[in-house]
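**Q** Pasting a structure below so you can have a look.
2 protein chains.
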Amino acid sequence: MHILVIGAAGMVGRKLTARLVSDQGLNGRPVEKMTLVDVIKPDHPDGFNGTVEALEVDVSEPGQAETLIASRPDVIFHLAAIVSGEAELDFEKGYRINLDGTRHLFDAIRLLNGEDGYKPRVVFTSSIAVVGAPLPFPIPDDFHLTPLTSYGTQKAICELLLADYSRRGFFDGIGIRLPTVCIRPGKPNKAASGFFSNILREPLIGQEAVLPVPEDVRHWHTSPRSAVGYLIHGATIDLERIGSRRSLSMPGVSATVGEQIEALRRVAGEKAVRLIRRKPDEMIMKMVAGWAPGFEAKRATELGFTAEQNFDEIIRVHIEDELGGQL
Amino acid sequence: MHILVIGAAGMVGRKLTARLVSDQGLNGRPVEKMTLVDVIKPDHPDGFNGTVEALEVDVSEPGQAETLIASRPDVIFHLAAIVSGEAELDFEKGYRINLDGTRHLFDAIRLLNGEDGYKPRVVFTSSIAVVGAPLPFPIPDDFHLTPLTSYGTQKAICELLLADYSRRGFFDGIGIRLPTVCIRPGKPNKAASGFFSNILREPLIGQEAVLPVPEDVRHWHTSPRSAVGYLIHGATIDLERIGSRRSLSMPGVSATVGEQIEALRRVAGEKAVRLIRRKPDEMIMKMVAGWAPGFEAKRATELGFTAEQNFDEIIRVHIEDELGGQL
Chain A
9 MHILVIGAAG
19 MVGRKLTARL
29 VSDQGLNGRP
39 VEKMTLVDVI
49 KPDHPDGFNG
59 TVEALEVDVS
69 EPGQAETLIA
79 SRPDVIFHLA
89 AIVSGEAELD
99 FEKGYRINLD
109 GTRHLFDAIR
119 LLNGEDGYKP
129 RVVFTSSIAV
139 VGAPLPFPIP
149 DDFHLTPLTS
159 YGTQKAICEL
169 LLADYSRRGF
179 FDGIGIRLPT
189 VCIRPGKPNK
199 AASGFFSNIL
209 REPLIGQEAV
219 LPVPEDVRHW
229 HTSPRSAVGY
239 LIHGATIDLE
249 RIGSRRSLSM
259 PGVSATVGEQ
269 IEALRRVAGE
279 KAVRLIRRKP
289 DEMIMKMVAG
299 WAPGFEAKRA
309 TELGFTAEQN
319 FDEIIRVHIE
329 DELGGQL
Chain B
9 MHILVIGAAG
19 MVGRKLTARL
29 VSDQGLNGRP
39 VEKMTLVDVI
49 KPDHPDGFNG
59 TVEALEVDVS
69 EPGQAETLIA
79 SRPDVIFHLA
89 AIVSGEAELD
99 FEKGYRINLD
109 GTRHLFDAIR
119 LLNGEDGYKP
129 RVVFTSSIAV
139 VGAPLPFPIP
149 DDFHLTPLTS
159 YGTQKAICEL
169 LLADYSRRGF
179 FDGIGIRLPT
189 VCIRPGKPNK
199 AASGFFSNIL
209 REPLIGQEAV
219 LPVPEDVRHW
229 HTSPRSAVGY
239 LIHGATIDLE
249 RIGSRRSLSM
259 PGVSATVGEQ
269 IEALRRVAGE
279 KAVRLIRRKP
289 DEMIMKMVAG
299 WAPGFEAKRA
309 TELGFTAEQN
319 FDEIIRVHIE
329 DELGGQL
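Chains A and B, in that order, are what the protein sequence lines are.
Numbering of the first sequence is given in our numbering, commencing with residue 9 and proceeding in unit increments.
Numbering of the second sequence is given in our numbering, commencing with residue 9 and proceeding in unit increments.
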């Protein structure tokens, strides 16, 4: 089996690659080859016995998708995107990478499908940004898509393309609407949503973190481990069961910031909680007000997608996967 | 005021142009210039005192939209599209005309907006094909978009673009989801939906028509006159009231084929009804089963969009507008 990961150098891409290596296969079949692609050259994964091709490629550039697809990978994970904040600041770049890049990929597959019936599984990462305020809680699976950012618009458009290209039989597509990934490993970054991770990750290693919003802010989370789990499951399930609505809101943990902090207290004690410094930020508060508080994710749950049950579990996953299993 | 109509040679485009001429203006302002554009050269309208530019242009070709927009029209009606059946048969043409053509237009406006703040009203014709079965009756305004055709996918994508470009302030956009236009004037055509018009239009002039579906088939209709009315109203209403959801399901008449026939009987008598010949067509029956039975259209109604109340009225509009007012 040959797997192509586009966006392999990102956090989720690296964890997905590592999981494919440790699983030694996908859907009961051994993985002989992985093609890992990103705008910066992805690292070779440790411990993989098969062939690895690591390429520095921008799929939004004309012709690049065709080249990648020419070797006919069996499964394509398309994770490449620029993030919400950047897509909002640079309108043209957002549409070029997040929309045109995806469309080029889909069209390259369609043309090969027309030649010889090539029909890979395509797992596309969408986002909860496809919905926009006012939002109910929980948000039902069939809630209308009214994105309020260019990023969310681009993801919603790609969901529509994925559904149409799948309906026409060009590939077997599934869209995975990722919750906010928490706890993101690494250093604090400037993403407006970064604080959801920062207020747990930094105190867990004895460092201060800034909380810019009130404790009653509710949001929708999943661990990096579960995010990778959705992608693997999406690559293996029987798509006959999914019907014409190809993009699914994933299960996750809906929690207020206060609930996140209580979980931190239970897992790491009062001394960790004391490292959270309140510093209200009006701009972040305003942005967060339009974000999704949580989804029903009924269809995805019925289809066997799973996530953590609460934030204690999300924190423990972080301790296991990032901190060697202990504080 | 300068008005640009893209898709001016089509049935709705011609009626819109005629209405603008007979109104002698738009929103209380005189129309000095009309630019009429289509892939075949539109006719000059009768009785217009201002300047008319009639152009044979395909806006999906690179650079054409920029040229059209360079004269900075105040209002742009974008009606150009290839129809559902053709978009399904010719995948690439459908995406090129219905998606890329619209995006080129929107981008041409965006670039001028960046130069000097040019910000026209853009009235985009969408379609009830943006929703797909299973459908409730009536379909609420916030029903999720799950198009089951490439045409519906292209319209839904353009609705998302319209909303994002409007949100960013590049133009003032409004999307009008047209019901099936009935009674379409002219000759019977090969569109799968053609029979809805044929079974009324042909008997009204003493000719036979074929009915390929059972009488309990329910669908969603509006007259050509009301369709033009939506576009005019969409060009003039205060868009502050519309919020972030820029595309509206229009009011219309929900009727079964049996109810259409009863209306024909009331207006034109039994002899007209006797000209309808039943000839079941499995393929058309299957297609029609997925079509919209009717919409709530609550938001559009609150915003002042209006339609006929029943099919008697739709037939009378046809007699007035197409048959000189009498049978």
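The beta-carbon is built from N, C-alpha and C at its ideal position, and this holds for glycine as well.
Since we're looking at a predicted model, the values are computed, not measured.
Let's test the definition: count the other Cβ atoms within 10 Å of the Cβ of H52 of chain B and tell me whether it reaches 16, buried, or not, exposed.
**A** Numbered from its first residue, the second sequence carries residue 52 of chain B at position 44. Exposed: under 16 other Cβ atoms inside 10 Å.
**Q** Compare the C-alpha of R253 of chain B against each of A:P155, A:I250, A:G302 and name the closest.
**A** Along the second sequence, one-based indexing puts residue 253 of chain B at 245. The candidate whose alpha carbon is nearest that of R253 of chain B is A:P155.
**Q** Cα-Cα, which of B:R285, B:P50, B:P81 is closest to E219 of chain B?
**A** To locate residue 219 of chain B, count along the second sequence from 1; it is residue 211. Per the sequence shown, residue 219 of chain B should be read as Leu rather than Glu. Closest option to L219 of chain B, Cα to Cα, is B:R285.
**Q** With three or more beta-carbon pairs closer than 8 Å as the criterion, would you say the stretch 237-248 of chain A touches the stretch 325-332 of chain A?
**A** Judged by Cβ distances under 8 Å, the stretch 237-248 of chain A makes no contact with the stretch 325-332 of chain A, as fewer than three pairs qualify.
**Q** Are the beta-carbon atoms belonging to F179 of chain B and K101 of chain B less than 8 Å from one another?
**A** Residue numbering aside, residue 179 of chain B sits at position 171 when the second sequence is read from its first letter. Residue numbering aside, residue 101 of chain B sits at position 93 when the second sequence is read from its first letter. Going by C-beta atoms, F179 of chain B is not nearer than 8 Å to K101 of chain B.
**Q** Against chain A, which members of the stretch 131-148 of chain B pass a CB distance test of less than 8 Å?
**A** Under the 8 Å Cβ criterion, the stretch 131-148 of chain B contributes G140.
**Q** Rounding to the nearest angstrom, what Cα-Cα distance links P222 of chain B and V265 of chain B in this structure?
**A** Along the second sequence, one-based indexing puts residue 222 of chain B at 214. Along the second sequence, one-based indexing puts residue 265 of chain B at 257. Straight-line Cα distance between these residues: approximately 7 Å.
**Q** With C-beta atoms as the reference, is G183 of chain B less than 8 Å away from F132 of chain B?
**A** Translated into positions along the second sequence, residue 183 of chain B becomes position 175. Translated into positions along the second sequence, residue 132 of chain B becomes position 124. Taking 8 Å as the Cβ cut-off, G183 of chain B and F132 of chain B qualify as a contacting pair.
**Q** The alpha helix (DSSP H) spanning A62 of chain B covers which residue range?
**A** As a first step, residue 62 of chain B must be located in the second sequence, where it is residue number 54. Note, A62 of chain B: premise wrong, no alpha helix (DSSP H); beta strand (DSSP E) at 59-64.
**Q** Quick check for students: name the residue ranges of the beta strand (DSSP E) that lie wholly in the stretch 13-66 of chain B, counting only runs of 3 or more.
**A** Listed in chain order, they are 41-46, 59-64.
**Q** Would you kindly work out how many angstroms separate the C-alpha atoms of L44 of chain A and V139 of chain A, rounded to a whole number?
**A** Translated into the one-based positions of the first sequence, residue 44 of chain A becomes position 36. Translated into the one-based positions of the first sequence, residue 139 of chain A becomes position 131. Taking the straight line from one Cα to the other gives about 30 Å.
**Q** Use the C-beta contact count for P38 of chain B: other C-beta atoms within 10 angstroms, 16 or more gives buried, fewer gives exposed.
**A** In the second sequence, residue 38 of chain B corresponds to position 30, counting from 1. Exposed.
**Q** When the Cα of A308 of chain A is compared with those of A:G260, A:R274, A:A280, A:V325, which residue comes out closest?
**A** Working through the first sequence from its first residue, we reach residue 308 of chain A at position 300. Considering only alpha carbons, the answer is A:G260.
**Q** D66 of chain B: which of B:S92, B:N57, B:R80, B:L107 sits nearest, CA to CA?
**A** The sequence position of residue 66 of chain B within the second sequence is 58, counting from 1. With distances taken between Cα atoms, D66 of chain B lies closest to B:L107.
**Q** Comparing the C-beta of I165 of chain B with each C-beta of chain A, is any distance below 8 Å?
**A** For the purposes of this step, residue 165 of chain B is taken as the residue at position 157 of the second sequence. Chain A contact via Cβ: present.
**Q** What are the start and end residues of each continuous alpha helix (DSSP H) run of 4 or more residues lying completely inside the stretch 66-94 of chain A, in chain order?
**A** Runs of the alpha helix (DSSP H) inside the stretch 66-94 of chain A: 72-77.
**Q** Tell me H229 of chain B's beta-bridge partners as DSSP assigns them.
**A** Residue mapping note: residue 229 of chain B aligns to position 221 of the second sequence, counting from 1. DSSP output for H229 of chain B lists B:T188, B:V261 as bridge partner(s).
**Q** Using C-beta distances below 7 Å, list every residue in its chain close to N93 of chain A, excluding the 5 sequence neighbours before and after it, in chain order.
**A** Locating residue 93 of chain A in the first sequence gives position 85, counting from the first residue. What sits at residue 93 of chain A in the sequence shown is Gly, not Asn. Hits under 7 Å: A199, A200.
**Q** What residue from A:K49, A:N318, A:K23 has the CA that sits closest to E64 of chain A's CA?
**A** As a working note, residue 64 of chain A is residue 56 in the first sequence. Of the listed residues, the one whose Cα sits closest to E64 of chain A is A:K49.
**Q** Using a Cβ-Cβ distance under 8 Å, would D320 of chain B count as near chain A?
**A** For the purposes of this step, residue 320 of chain B is taken as residue 312 along the second sequence, with counting starting at 1. No, its Cβ sits nowhere closer than 8 Å to a Cβ of chain A.
**Q** Can you list the residues of chain B that R176 of chain A reaches, using a CB-CB cut of under 8 Å?
**A** Translated into the one-based positions of the first sequence, residue 176 of chain A becomes position 168. What R176 of chain A touches in chain B: F99, S158.
**Q** Could you tell me if K195 of chain A is buried or exposed, where buried requires 16 or more neighbouring beta carbons within 10 angstroms of its beta carbon?
**A** One-based indexing of the first sequence puts residue 195 of chain A at position 187. Flag for K195 of chain A reads exposed.
**Q** Between the stretch 13-33 of chain A and the stretch 229-240 of chain A, do at least 3 Cβ pairs fall closer than 8 Å?
**A** Short answer: they touch.
**Q** State the start and end residues of the unbroken beta strand (DSSP E) segment that holds R285 of chain A.
**A** Locating residue 285 of chain A in the first sequence gives position 277, where the first residue counts as 1. From DSSP, the beta strand (DSSP E) with R285 of chain A extends over 284-286.
**Q** Residues in its own chain within less than 8 Å of I292 of chain B by CB, not counting five upstream and five downstream?
**A** In the second sequence, the residue the question calls residue 292 of chain B occupies position 284. Cβ neighbours of I292 of chain B beyond the five flanking positions: A200, F203, P220, V221.
**Q** Can you pull the chain B neighbours of F151 of chain A, defined as C-beta to C-beta under 9 Å?
**A** For this step, residue 151 of chain A is matched to residue 143 along the first sequence. Near F151 of chain A (Cβ distances below 9 Å), the residues of chain B are D150, H152.
**Q** Does S92 of chain A have its Cβ less than 8 Å from a Cβ in chain B?
**A** Translated into positions along the first sequence, residue 92 of chain A becomes position 84. So, not an interface residue.
**Q** Between the Cα of M42 of chain A and the Cα atoms of A:R80, A:A280, A:T230, which residue gives the shortest distance?
**A** Numbered from its first residue, the first sequence carries residue 42 of chain A at position 34. Residue A:R80 is the option with its Cα nearest to M42 of chain A.
**Q** Identify the contact partners of T161 of chain B in chain A, using a Cβ-Cβ distance below 8 Å as the criterion.
**A** Counting from one through the second sequence, the residue named residue 161 of chain B turns up at place 153. Near T161 of chain B (Cβ distances below 8 Å), the residues of chain A are L168, L169, A171, D172.
**Q** Which of the three DSSP states, helix, strand or coil, is assigned to A217 of chain A?
**A** In the first sequence, residue 217 of chain A corresponds to position 209, counting from 1. A217 of chain A: strand per DSSP, three-state reduction.
**Q** With DSSP run on the structure shown, which of helix, strand or coil describes I250 of chain A?
**A** Counted from its first residue, the first sequence places residue 250 of chain A at position 242. DSSP places I250 of chain A in coil when its eight states are reduced to three.
**Q** Give the DSSP-derived three-state secondary structure of F99 of chain B in the structure shown.
**A** Counting from one through the second sequence, the residue named residue 99 of chain B turns up at place 91. In the structure shown, F99 of chain B sits in a helix (DSSP, three-state: H, G or I).
**Q** Which of the residues in the stretch 243-273 of chain A, read from start to end, lie with their CB under 8 Å from any CB of chain B?
**A** Against chain B - using a Cβ distance shorter than 8 Å - the residues of the stretch 243-273 of chain A are S252, R253.
**Q** Within 10 angstroms of the Cβ of R192 of chain B, are there 16 or more other Cβ atoms? Answer buried if so, exposed if not.
**A** Looking up residue 192 of chain B in the second sequence gives position 184. With 16 or more Cβ atoms within 10 Å of its Cβ, R192 of chain B is classed as buried.
**Q** Please state whether the Cβ-Cβ distance between V130 of chain B and G181 of chain B is less than 8 Å.
**A** As a working note, residue 130 of chain B is residue 122 in the second sequence. As a working note, residue 181 of chain B is residue 173 in the second sequence. Contact: yes.
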